[in-house]
Structures are given as structure tokens and as C-alpha cells.
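The numbers in the sequence shown follow UniProt numbering, run straight up by one, and end at 165.
Glycine included, C-beta positions come from ideal geometry on N, C-alpha and C.
Shown next, in C-alpha cells, is the structure this report addresses.
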Amino acid sequence: MNTRFHKVKEQEEINVVAELGTKIWHEHYSSILEPAQIDYMVDKFQSANAVALQINDQGYEYYLIKDEDSVVGYIGLVMETDRIFLSKLYIAKEARGKGLASKAFSFITELATSNKKQAIWLTVNRYNSGSIAVYEKKGFIKVREQVSDIGNGYVMDDYVMEMAV
């Protein structure tokens with residue numbers, strides 16, 4: 001299995017992220033969130049316009065996860081002063097269970113080390129038990145709970161998790 005991480009730079013790549021994000025969100029979050037909230041959050045955080053804004057104005061870096069010649073997921077992160085905020089790590093349903101999350105975490109950890117960051121942190125929906133289990137297996141610990149108003153009557157009810165590098 002030949003896995004590569006390709007930094008997103010072009011609009012076509014941003015469109016791939018947005019398309020994959022829409023697919024993954026509807027597959028993964030349908031048991032946790034109402035369809036209207038998924039649509040709202042995809043538009044607000046995962047649409048091509050949102051991803052372009054994050055890259056161009058908010059300091060985000062996106063990476064496509066390629067397995068052989070197929071794009072099977074993506075990473076979105078922000079390099080902060082002393083740590084990395086892992087905003088997004090999504091792998092398509094058909095590509096899960098093949099060790100890609102482990103490869104992605106190795107890639108992110110290497111980015112942290114090479115950029116002299118001390119930790120990686122993320123937020124995860126409190127009811128996303130599968131992802132929480134993966135994060136804990138990789139060494140993340142829950143540091144607090146956080147409820148964020150994201151507009152339109154919706155909130156993100158999350159755990160903040162962190163892993164020292």
C-alpha cells in the first residue's frame with residue numbers, strides 16, 4: 001500500500017476536499033447529528049468556499065491522503081505557536097481499517113516534530129465514540145469539554161483532546 005500526503009494548493013484540490021468532506025460527513029455523522037445540522041456544518045466548514053477561506057485567510061494547511069492513485073481522505077490543520085490544531089482528519093468509509101489513520105498520525109506527528117511543536121490537539125464530538133477510541137489509542141487524552149455555538153441554533157458538543165509530541 002503506497003500512501004502519500006499531498007498538500008492542497010489548487011482550486012481543483014480544494015474541490016476534491018469539499019466533495020470528499022460532504023460524502024464522509026453524511027456517512028459518518030448521520031447517527032450522531034440531524035441531517036439539517038450536517039448540511040449546515042458541511043456548508044460552513046467543509047464547502048469549497050470554506051476550505052479556500054481557511055487556507056487563504058486562517059492559516060490552515062490541508063493534505064489529501066492518497067492510497068495508490070486514489071484520494072481516500074484528507075487532513076486539515078493549523079500550525080500554532082507551540083502545537084498543532086488538528087481540525088480535520090477524515091478517511092472515506094471504504095478505506096477505513098487499512099492503517100491509514102495510523103499513517104496519518106505518523107505524518108502529523110512528523111510535521112509537529114519538524115516544526116518544533118510540543119503537542120497536537122483536536123476537538124471531537126462527545127458522541128463520536130469510534131473516533132474517540134482511535135484518538136485515545138494514539139495517545140490523546142481528554143483535557144476538557146467544550147460547547148461552541150456555531151450559529152443557526154446549532155452547537156458543537158465536543159471533547160478537547162491533546163497528545164504530547
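Secondary-structure assignment with DSSP links H6 through a beta bridge to L64.
Sequence-distant partners of E61 (beyond 5 residues in either direction) whose C-beta falls short of 6 angstroms from its own C-beta, in its chain, are L77. Two segments are said to touch when three or more pairs of C-beta atoms, one from each, lie closer than 8 angstroms; by this definition the region 105-123 touches the region 70-90. Residue environment: V51 is assigned as buried (16 or more neighbouring CB atoms within 10 Å of its CB, all protein chains considered).
By the Cβ test, the region 17-31 is in contact with the region 81-98, since at least three Cβ pairs between them sit closer than 8 angstroms. Inside the UniProt domain "N-acetyltransferase" (22-165), DSSP marks whole beta strand (DSSP E) runs of 3 or more residues at positions 60-67, 70-79, 83-91, 119-125, 141-151, 154-164, from first to last along the chain. By the C-beta criterion, the region 116-124 is judged not to be in contact with the region 7-14, since fewer than 3 inter-stretch pairs fall below 8 angstroms. Taking a C-beta distance under 8 angstroms as the contact criterion, K137 and M163 do not qualify as a contact pair.
The C-beta of L53 has fewer than 16 other C-beta atoms within 10 Å across all chains shown, which makes the residue exposed.
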